[in-house]
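*Asks:* Here's a structure for you.
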């Protein structure tokens with residue numbers, strides 16, 4: 001593109017749009033007033049937008065209860081539920097004010113009293129069906145409004161209005177239902193790809209067809225096994241046989257399946273018709289394929305006790321990561337629903353003005369302290385840096401003190417002023433003075449090496465510097481110091497009195 005065209009393109013500007021002040025709370029694309037073209041007919045109760053549920057069972061959730069009876073579905077979904085429940089829950093204050101902390105402490109006591117794992121497991125079935133409903137029964141405890149019980153109700157008893165309001169269907173009010181108002185009912189919906197579907201879209205929507213094909217495949221597989229285990233009996237009657245003779249022969253073919261012996265008139269015959277081919281591998285392949293499809297939908301992997309593939313692409317760690325991400329999403333859905341519902345209501349009733357505490361499941365794994373210690377040791381040995389005492393206490397906990405160096409003097413005993421006056425140990429004095437005399441020349445030499453290395457500009461300079469300094473190794477000074485040490489040792493030995 002030429003510079004002229006680029007200049008002209010930069011000069012093109014979008015027309016200015018005057019944005020007016022928005023109307024607070026305005027909703028334009030509403031669904032409960034007949035403006036939704038996807039719902040041409042509106043009644044007092046909304047219909048679920050689930051094609052499988054509507055076309056196969058006319059909206060009856062019993063269809064999906066049958067799906068949950070499948071052994072592979074039950075196993076996989078229980079695995080998903082257990083993975084959520086095994087995670088510890090925490091309550092974090094919504095702020096740092098004393099009122100916020102008090103609200104979080106009360107919420108922690110409330111959840112402990114409810115048995116939150118049981119409630120979570122039952123509400124988690126909302127992921128399977130699309131939505132879940134629980135009723136809250138209140139009481140008063142320590143001058144606080146308290147949830148005494150959380151009863152997760154059968155979702156088949158509830159419907160939603162076109163405006164998304166939860167309603168209880170009763171024998172006396174089936175057409176409109178009774179309103180289920182906050183703070184008495186806690187419910188959530190999940191799985192749909194838009195907010196206009198109050199019923200959500202559960203896993204059962206995608207599991208219906210695999211379980212149906214698997215169930216029908218098993219039926220035909222059993223028929224196939226029956227054919228091979230007991231071939232079909234074929235009766236042959238002569239031309240001109242009466243209807244009574246034909247019926248008798250047919251009865252004989254039925255009795256041959258159970259009786260050890262039969263009799264028949266002369267001129268009639270019974271033959272066994274055996275299957276000419278083996279279809280076992282075909283039925284097994286269908287069974288495994290449907291189990292794999294079920295596990296992909298439920299837990300995002302295809303490992304199965306029924307003989308399915310061992311892993312996703314052979315990568316077991318990838319399987320664990322996929323399952324963890326799915327389980328974390330489930331936990332977030334339930335905890336977020338609690339935080340926006342019961343947690344909000346209780347905080348507003350008991351601690352007006354406090355920020356809502358946050359309930360969540362913990363998915364951060366505890367650090368392996370053995371691996372951390374190995375890493376700290378490696379870093380210290382390779383870089384020359386070590387963790388501070390504060391860092392060690394924060395990482396490993398407990399209280400720490402320096403390790404005594406080898407050869408360090410033991411703590412001095414308590415002075416007894418009545419005892420005879422003692423003199424300093426001459427041997428210890430000799431060792432202290434000798435150590436300083438030997439280390440001084442060597443320290444000076446090492447300091448010179450460090451200075452030269454810091455001033456070097458290349459590896460060649462470092463090599464030349466080391467060669468020069470090796471020639472300046474203070475061997476004479478060390479020898480002189482050792483000679484003085486030996487002389488001092490001899491004099492000290494002579495000065496020690498004999499016992």
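In full-length UniProt numbering, the protein residues as written are 1 to 499.
The beta-carbon is built from N, C-alpha and C at its ideal position, and this holds for glycine as well.
Remember, predicted model here, so these are calculated numbers, not experimental data.
How about residue 199 and residue 49: do their beta carbons lie closer than 9 Å?
*Replies:* The residue you call residue 199 lines up with position 199 of the chain shown. The residue you call residue 49 lines up with position 49 of the chain shown. Yes, the pair counts as a contact, with Cβ atoms nearer than the cut-off.
*Asks:* From the DSSP output, which residues share a beta bridge with residue 150?
*Replies:* Sequence index remark: in the chain shown, residue 150 carries index 150 (1-based). Residue 150 is bridged to 136.
*Asks:* Give a yes or no on whether the C-beta atoms belonging to residue 138 and residue 147 are separated by under 9 Å.
*Replies:* The residue given as residue 138 occupies position 138 in the chain shown. The residue given as residue 147 occupies position 147 in the chain shown. Cβ atoms of residue 138 and residue 147: closer than 9 Å.
*Asks:* Where are the beta strand (DSSP E) runs, 3 residues long or more, that stay fully inside the stretch 175-209, in chain order?
*Replies:* As far as the stretch 175-209 is concerned, its whole beta strand (DSSP E) runs of at least 3 residues are 185-189.
*Asks:* Can you have a look at residue 305 and say buried or exposed, based on whether 16 or more other CB atoms are within 10 angstroms of its CB?
*Replies:* Indexing the chain shown from 1 puts residue 305 at position 305. Low per-residue confidence applies at residue 305: pLDDT is 47, beneath 50, and the placement is therefore not dependable, though the value from the model is reported in the following sentence. Under this definition residue 305 is an exposed residue.
*Asks:* Check residue 323 in the structure and name its three-state DSSP category.
*Replies:* For the purposes of this step, residue 323 is taken as residue 323 along the chain shown, with counting starting at 1. DSSP places residue 323 in helix when its eight states are reduced to three.
*Asks:* Tell me the rounded alpha-carbon separation between residue 307 and residue 288.
*Replies:* As a working mapping, residue 307 is identified with position 307 in the chain shown. As a working mapping, residue 288 is identified with position 288 in the chain shown. For residue 307, the predicted structure reports a pLDDT of 43, less than 50, and the residue's modelled location is therefore unreliable. The matter cannot be settled from this model.
*Asks:* Ordered along the chain, which non-local residues of its own chain (more than five positions away) have a Cβ less than 8 Å from that of residue 279?
*Replies:* By one-based count along the chain shown, residue 279 stands at place 279. Caution is warranted here: a pLDDT of 49 is assigned to residue 279, below 50, making its placement in the model unreliable, and no coordinate value can be reported.
*Asks:* How big is the Cα-Cα spacing for residue 242 and residue 297?
*Replies:* Taking the first residue of the chain shown as position 1, residue 242 is located at position 242. Taking the first residue of the chain shown as position 1, residue 297 is located at position 297. If I take the Cα positions, the gap works out to 59 Å.
*Asks:* Can you look up residue 236 in the DSSP assignment and give me helix, strand or coil?
*Replies:* To locate residue 236, count along the chain shown from 1; it is residue 236. It is a strand residue.
*Asks:* Is it right to say residue 26 is buried, meaning 16 or more other beta carbons lie within 10 angstroms of its own, or is it exposed?
*Replies:* Working through the chain shown from its first residue, we reach residue 26 at position 26. Classification of residue 26: exposed, given that the 10 Å Cβ count is below 16.
*Asks:* If you follow the beta strand (DSSP E) that residue 29 is part of, which residue opens it and which one closes it?
*Replies:* Taking the chain shown and counting its residues from 1, the one referred to as residue 29 is at position 29. Note, residue 29: premise wrong, no beta strand (DSSP E); not H, not E.
*Asks:* Between the Cα of residue 502 and the Cα atoms of 167, 99, 102, 106, which residue gives the shortest distance?
*Replies:* The question about residue 502 has no answer, for the chain in this structure spans 1 to 499.
*Asks:* Rounding to the nearest angstrom, what Cα-Cα distance links residue 290 and residue 163 in this structure?
*Replies:* Residue 290 sits at position 290 when you count from the first residue of the chain shown. Residue 163 sits at position 163 when you count from the first residue of the chain shown. Their Cα atoms are separated by approximately 38 Å.
*Asks:* For the beta strand (DSSP E) containing residue 359, list its first residue and its last residue.
*Replies:* For this step, residue 359 is matched to residue 359 along the chain shown. Segment 358-361, the beta strand (DSSP E) holding residue 359.
*Asks:* Given this structure, state the Cα-to-Cα distance separating residue 90 from residue 197, to the nearest angstrom.
*Replies:* Translated into positions along the chain shown, residue 90 becomes position 90. Translated into positions along the chain shown, residue 197 becomes position 197. Spanning the two alpha carbons is a distance of roughly 31 Å.
*Asks:* Could I get the ranges of all uninterrupted alpha helix (DSSP H) runs contained in the stretch 42-76, with 4 residues as the minimum, in chain order?
*Replies:* Complete alpha helix (DSSP H) runs here, min 4: 51-57, 62-68.
*Asks:* Please state whether DSSP places residue 23 in a helix, a strand or coil.
*Replies:* Along the chain shown, read from residue 1 onward, the residue named residue 23 stands at position 23. Here residue 23 sits in coil by DSSP.
*Asks:* Considering only their Cβ atoms, is the gap separating residue 78 from residue 331 smaller than 9 Å?
*Replies:* As a first step, residue 331 must be located in the chain shown, where it is residue number 331. As a first step, residue 78 must be located in the chain shown, where it is residue number 78. Taking 9 Å as the Cβ cut-off, residue 331 and residue 78 do not qualify as a contacting pair.
*Asks:* Label residue 300 either buried or exposed according to how many other C-beta atoms from any shown protein chain fall within 10 Å of its C-beta, with 16 as the threshold for buried.
*Replies:* Along the chain shown, one-based indexing puts residue 300 at 300. That one is buried.
*Asks:* Any contact between the stretch 83-97 and the stretch 351-361? By contact I mean 3 or more CB pairs, one from each, below 8 Å.
*Replies:* Counting Cβ pairs under 8 Å, three or more are found: they touch.
*Asks:* Which of the three DSSP states, helix, strand or coil, is assigned to residue 35?
*Replies:* Taking the first residue of the chain shown as position 1, residue 35 is located at position 35. Coil at residue 35, not helix or strand.
*Asks:* Starting from the C-beta of residue 19, find all residues in its chain whose C-beta is less than 8 Å away, skip the five residues before and the five after it, and write them out in chain order.
*Replies:* Looking up residue 19 in the chain shown gives position 19. Excluding residues within five positions, none has a Cβ falling inside 8 Å.
*Asks:* Beta carbon of residue 396, beta carbon of residue 366: below 9 Å?
*Replies:* Numbered from its first residue, the chain shown carries residue 396 at position 396. Numbered from its first residue, the chain shown carries residue 366 at position 366. Contact flag unset, no.
*Asks:* Pick out whichever of 202, 219, 389 has its Cα sitting closest to the Cα of residue 129.
*Replies:* To locate residue 129, count along the chain shown from 1; it is residue 129. Closest by alpha carbon: 202.
*Asks:* Could you give the first and the last residue of the continuous alpha helix (DSSP H) run that contains residue 379?
*Replies:* Here the question's residue 379 lines up with position 379 in the chain shown. Element bounds for residue 379: 369-383.
*Asks:* Is it true that the CB of residue 113 sits closer than 9 Å to the CB of residue 517?
*Replies:* A query on residue 517 cannot be resolved here, the shown segment of the chain reaching from 1 to 499 and no further.
*Asks:* If I follow the unbroken alpha helix (DSSP H) through residue 243, where does it start and stop?
*Replies:* As a position in the chain shown, residue 243 is number 243, starting the count at 1. Where residue 243 is concerned, the enclosing alpha helix (DSSP H) stretches over 243-255.
*Asks:* Beta carbon of residue 211, beta carbon of residue 73: below 9 Å?
*Replies:* As a working note, residue 211 is residue 211 in the chain shown. As a working note, residue 73 is residue 73 in the chain shown. Yes, these two residues count as a Cβ contact at 9 Å.
*Asks:* Just checking, does the stretch 103-118 make contact with the stretch 346-357 on the three C-beta pairs under 8 Å criterion?
*Replies:* In short, these stretches touch, since the Cβ pair count reaches three.
*Asks:* One question on the structure: do residue 76 and residue 295 come within less than 9 Å of each other, judged by their Cβ atoms?
*Replies:* Counted from its first residue, the chain shown places residue 76 at position 76. Counted from its first residue, the chain shown places residue 295 at position 295. Result yes, Cβ atoms of residue 76 and residue 295 sit closer than 9 Å.
*Asks:* Any idea what DSSP makes of residue 18, helix, strand or coil?
*Replies:* Within the chain shown, residue 18 is the residue found at index 18, counting from 1. Residue 18 falls in the coil class under three-state DSSP.
*Asks:* What does the alpha-carbon distance come out to for the pair residue 333 and residue 321?
*Replies:* Here residue 333 is taken as the residue at index 333 of the chain shown, counted from 1. Here residue 321 is taken as the residue at index 321 of the chain shown, counted from 1. Straight-line Cα distance between these residues: approximately 19 Å.
*Asks:* Does DSSP put residue 292 in a helix, a strand or coil?
*Replies:* Stepping through the chain shown from its first residue, residue 292 is reached at position 292. Here residue 292 sits in helix by DSSP.
*Asks:* Which same chain residues, not among the five before or five after residue 418, have their C-beta less than 7 Å away from its C-beta?
*Replies:* Translated into the one-based positions of the chain shown, residue 418 becomes position 418. Interpretation of residue 418 is limited by its pLDDT of 47, a score under 50 that renders its predicted location unreliable; the figure taken from the coordinates is listed afterwards. Cβ neighbours of residue 418 beyond the five flanking positions: none.
*Asks:* Count the other C-beta atoms from every protein chain shown that fall within 10 angstroms of the C-beta of residue 58, then say buried if there are 16 or more, exposed otherwise.
*Replies:* What you label residue 58 is simply residue 58 of the chain shown in a count that begins at 1. The residue in question, residue 58, is exposed, as its Cβ has fewer than 16 Cβ neighbours within 10 Å.
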